[in-house]
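Here is the structure we will look at, set down as structure tokens.
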Amino acid sequence: MDRVLSDGHLPGQWLPQGDHEQMKNSKNPNPHPEHALAGQGNQDKQTGRILARTQQYFAISLQNLRIDAITGFDLYIWMPRSEKHVLYRKGDLVFSEDQKARLQRSKVANLYVAAQDRNQYTRYLEGNLTEIIHNPDLPKEEGSDIVYACASRLVEEIFEDPESDENMLRAQAMVHNTVDHLLYDQENLTNMLSLMSDDYELYTHSVNVCVIGLALGQTLGLSTPELRELGTGLLMHDIGKVQIDRRILDKPEPLTDEEMQIYRTHPERGAAILKQSHRLAHSSLAVILQHHETCAGTGYPYGLEASEIHQYAKIAGLANIFDGLTTDKPARRACASFPALRNIRREMPTDIDAVFLRQLIRILAGVKRGESKSLPPWKGSAKRKLAA
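For the sequence shown, the working numbering assigns the number 388 to the last residue and increments by one with no breaks.
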């Protein structure tokens, strides 16, 4: 008599025809790999966080897959006995609710994606971000992981093609989702702050400044539309650096007067780039143009007085300084969070809006961030996490 599987079906009966063909053509002789994982749920859950690097494959949660949609990338399943990843479902086939339910009944929490498809997977997450982050079954920490990783990868792509209208629309959609994610639950802010890397990269720095600035804007009473305009400016605040020589940006020694003069052109360069798109609000452009101005009138590019600086630019300036102090750079090691705040208050008391600084201190104390950035187990920058 044929053996009956745990879901009441006979072997070979429940898989769609496309799946049978995949299993037949793969190196795996078992057409029901998820049943081979029954009882392996605990082990499977420990395979790593979302987007964690593995040598050839990385684990993704079932909760990150949109039902009744084509992924565009192949899905694999881990076979503990043979210690192999085998093809589970081709990327041109729909992932259904029925398949998800069968995997869950077999205690399978994760599937796998080939490392070379990492960027495609991130674009898939970005395209389905609204549905993913509002999935009640997705752990909040994983939702924050996804938002941070997608935002970091998007900024990297924007810096590669800063004049793309498509990238500008993607940036605005990303900010909308980030604002919604942060406003939905206070715990999401804590999670996002814990994800911020202390290893400086231009892309992750932009995301860090965006998260810090949005948190500050929220406590200052900005509305959701205002937060979206602020967040877009924050995410793009350093876009002008794409026109600055990398040797200047990465130089470990102090810049010469000539190099500093070139470096200080990046706010104007950034504003000029983004004005061409005609898609950014004036307040968002103000963040890009004025984030290095100071309340003491000693900033650049224009040396504006406090009353002349846009409120959003003041927020950006503080977030920019704070993240700059708390991340490693070629010329300086990172400072822990609260010592960094003390340094700002002691060494630049007239440069920063005192009300904003007090609010930032309350935010970090309120989320119990501690005396240093609390990094997740994978540590390192999102650029390295997302690299194939």
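For each residue, glycine too, the CB sits at the ideal point set by N, CA and C.
Exposure label - residue i; buried when at least 16 CB within 10 Å
i: residue 275; result: exposed
i: residue 174; result: buried
i: residue 131; result: exposed
i: residue 156; result: buried
i: residue 242; result: buried
i: residue 158; result: buried
i: residue 260; result: exposed
i: residue 305; result: exposed
i: residue 144; result: buried
i: residue 365; result: exposed
i: residue 129; result: buried
i: residue 216; result: buried
i: residue 98; result: exposed
i: residue 308; result: exposed
i: residue 351; result: buried
i: residue 201; result: buried
i: residue 102; result: buried
Terminal residues of the beta strand (DSSP E) in which residue i lies
i: residue 89; result: 84-89
i: residue 59; result: 57-61
i: residue 412; result: In the structure as shown, the chain begins at 1 and stops at 388. Residue 412 is therefore absent and cannot be evaluated.
Close-in-space but distant-in-sequence residues of the same chain around residue i (CB under 6 Å, 5 per side omitted)
i: residue 382; result: Its pLDDT being 37, under 50, residue 382 is placed unreliably by the model, and nothing is read from it.
i: residue 117; result: 73
i: residue 421; result: Within the shown structure, residues of the chain are numbered from 1 to 388, placing residue 421 beyond reach of any answer.
i: residue 181; result: 133, 147, 188
Residue interval of the alpha helix (DSSP H) (run including residue i)
i: residue 296; result: Counting along the chain, residue 296 falls outside any alpha helix (DSSP H), and DSSP gives it neither H nor E.
i: residue 109; result: Element bounds for residue 109: n/a, residue is neither H nor E.
i: residue 340; result: 337-347
i: residue 236; result: Counting along the chain, residue 236 falls outside any alpha helix (DSSP H), and DSSP gives it neither H nor E.
i: residue 363; result: 354-366
i: residue 129; result: 129-133
i: residue 169; result: 165-184
i: residue 267; result: 266-275
i: residue 149; result: 140-160
i: residue 205; result: 202-219
i: residue 317; result: 311-325
i: residue 305; result: Note, residue 305: premise wrong, no alpha helix (DSSP H); not H, not E.
i: residue 253; result: Here residue 253 belongs to no alpha helix (DSSP H), and DSSP marks it neither H nor E.
i: residue 99; result: 97-105
i: residue 242; result: Looking at the DSSP string, residue 242 is not in any alpha helix (DSSP H), and its letter there is neither H nor E.
i: residue 223; result: No alpha helix (DSSP H) holds residue 223; DSSP gives it neither H nor E.
i: residue 116; result: Taken as a continuous stretch (DSSP letters only), residue 116 belongs to no alpha helix (DSSP H), as it is neither H nor E.
i: residue 334; result: Taken as a continuous stretch (DSSP letters only), residue 334 belongs to no alpha helix (DSSP H), as it is neither H nor E.
Spatial neighbours of residue i in its chain, beta-carbon cut-off 7 Å, leaving aside the 5 residues before and after
i: residue 179; result: 214, 224, 227, 228, 231
i: residue 94; result: 68, 69, 70
i: residue 354; result: none
i: residue 191; result: 140, 141, 144
i: residue 92; result: 70
i: residue 57; result: 76, 85, 112, 113, 114, 115
Contact under 9 Å by Cβ, residue i with residue j
i: residue 267; j: residue 288; result: yes
i: residue 234; j: residue 277; result: no
i: residue 340; j: residue 322; result: yes
i: residue 326; j: residue 336; result: yes
i: residue 237; j: residue 211; result: no
i: residue 90; j: residue 62; result: no
i: residue 269; j: residue 168; result: no
i: residue 271; j: residue 255; result: no
Closest by C-alpha distance to residue i, when choosing among the options
i: residue 281; options: 297, 252, 312, 293; result: 312
i: residue 88; options: 76, 246, 341; result: 76
i: residue 126; options: 327, 71, 187, 216; result: 71
i: residue 85; options: 111, 98, 181, 61; result: 111
i: residue 108; options: 290, 78, 121; result: 78
i: residue 334; options: 219, 80, 104, 196; result: 196
i: residue 115; options: 146, 60, 359, 141; result: 60
i: residue 162; options: 102, 81, 239; result: 239
i: residue 348; options: 244, 297, 217, 98; result: 297
i: residue 141; options: 186, 106, 99; result: 186
i: residue 113; options: 139, 55, 137; result: 55
i: residue 123; options: 253, 273, 170; result: 170
i: residue 121; options: 103, 202, 66; result: 66
i: residue 262; options: 83, 245, 254; result: 245
i: residue 135; options: 184, 160, 103; result: 184
i: residue 301; options: 194, 137, 310, 264; result: 264
i: residue 273; options: 253, 359, 160, 222; result: 160
i: residue 360; options: 253, 328, 193; result: 193
Nonlocal neighbours in the same chain, by C-beta distance under 8 Å from residue i, ignoring five residues either side
i: residue 362; result: 219
i: residue 177; result: 129, 130, 133, 147
i: residue 344; result: 318, 321, 322, 325, 352, 357
i: residue 310; result: 283, 286, 287, 290
Neighbour flag for residue i against chain D, beta carbons, 9 Å
i: residue 145; result: In summary, chain D is missing from the structure at hand, where a single protein chain is found.
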